[in-house]
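The sequence shown lines up with residues 971 to 1174 when you count with the working numbering.
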Amino acid sequence: MKVHQIEVGNMQNFTYILEDDDTDAAIILDPSWDIEEIKKVIEKNNLKVKYVVNTHHHFDHTIGNDALVRITGAKIMQHKDSTLKNDITVSDGDKIKFGNSELTVFHTPGHSKDSICLVGDEKIFSGDTLFVGNCGRVDLPGGSTKELYHSLFDIICKMDDKLDVYPGHNYGSSPSSTLGKEKKTNFVLQPRTEQEFLEFMNSE
Ligand SMILES: [Fe+2]
């Protein structure tokens, strides 16, 4: 799977175009702003975009949906707890297939109720659940420190250290990382009990 990571807008968002290695199939994660740039990559590589997938419903990850659907005819895919318009809903454990590529959906609430991470081909697309060097905020509607603790420590930290981490924003020292490196160096991923994590997040 080839990853095109494009920084868009003025909130350091990342849009991803994921290209299957064997066919012209592709999916787009979190299209927002800079539609022309996304369009350029699609046209240059002759991609057939099957789905627009949103890692969660926040506007900075979704405002390009309609434009991309108009350009590509792709179906919009979101977690079933999303409150936005979509064509296909996914739940924890579902597979997203395009060409010979496959990503597994992990429901990781905490930043928002409908947050998902996508995992496959030794990569994790972590949305606003995990950033390089930090994690998503929990103080917006639907946010929950308790749920984020479970998502980070019981789900993501149990995954393979080798996974490349592709976050939803360019907030860290590098645009991507590995899960092993994040477990070692990301201050929010240092071992804590749930209670310690709640206190730690409240003191941030
Ligand atoms: Fe967000």
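Just so it is clear, CB atoms sit at the ideal spot from N, CA and C, and this is done for glycine as well.
Alpha-carbon spacing of residue i relative to residue j, whole angstroms
i            : j            : result
residue 1126 : residue 1087 : 9 Å
residue 1008 : residue 1163 : 41 Å
residue 1075 : residue 1099 : 13 Å
residue 1106 : residue 1019 : 28 Å
residue 1031 : residue 1095 : 13 Å
residue 920  : residue 1000 : No information on residue 920 is available, as it lies outside the stretch 971 to 1174 that the chain covers here.
residue 1121 : residue 978  : 26 Å
residue 1039 : residue 1056 : 11 Å
residue 1066 : residue 1077 : 13 Å
Paired residues, beta bridge with residue i - DSSP
i            : result
residue 1137 : 1097
residue 982  : Paired residue(s): none; residue 982 is not in a bridge.
residue 1143 : Answer by DSSP bridge pairing: none, since residue 1143 is not bridged.
residue 1059 : 1048
residue 1065 : 1074
residue 1126 : According to DSSP, which records beta bridges pairwise, residue 1126 is partnered with nothing at all.
residue 977  : 984
Residue j beta carbon less than 8 Å from that of residue i
i            : j            : result
residue 1037 : residue 1005 : yes
residue 1134 : residue 1115 : no
residue 1146 : residue 975  : yes
residue 973  : residue 988  : yes
residue 1142 : residue 1102 : yes
residue 1041 : residue 1022 : no
residue 1137 : residue 1029 : no
residue 994  : residue 1016 : yes
Cut-off 7 Å between Cβ atoms - residues of its own chain near residue i, not counting five sequence neighbours on either side
i            : result
residue 1177 : Limits of the chain in this structure are 971 at one end and 1174 at the other, which puts residue 1177 out of reach.
residue 990  : 971, 996, 1068, 1069, 1070 and 1071
residue 1170 : 1162
residue 1140 : 977, 982 and 984
Same chain only: Cβ atoms within 6 Å of residue i, ignoring 5 sequence neighbours per side
i            : result
residue 1033 : 1002
Close Cβ partners of residue i (< 8 Å) along its chain, the five nearest in sequence each way excluded
i            : result
residue 1153 : 1127, 1131 and 1159
residue 1027 : 1048, 1052, 1053, 1054, 1082 and 1084
residue 1050 : 1059, 1060, 1061 and 1084
residue 1129 : 1089, 1094 and 1149
Check: Which residues count as close to ligand 1 when the rule is a CB under 5 Å from any of its heavy atoms, in chain order?
Finding: 1028 and 1098
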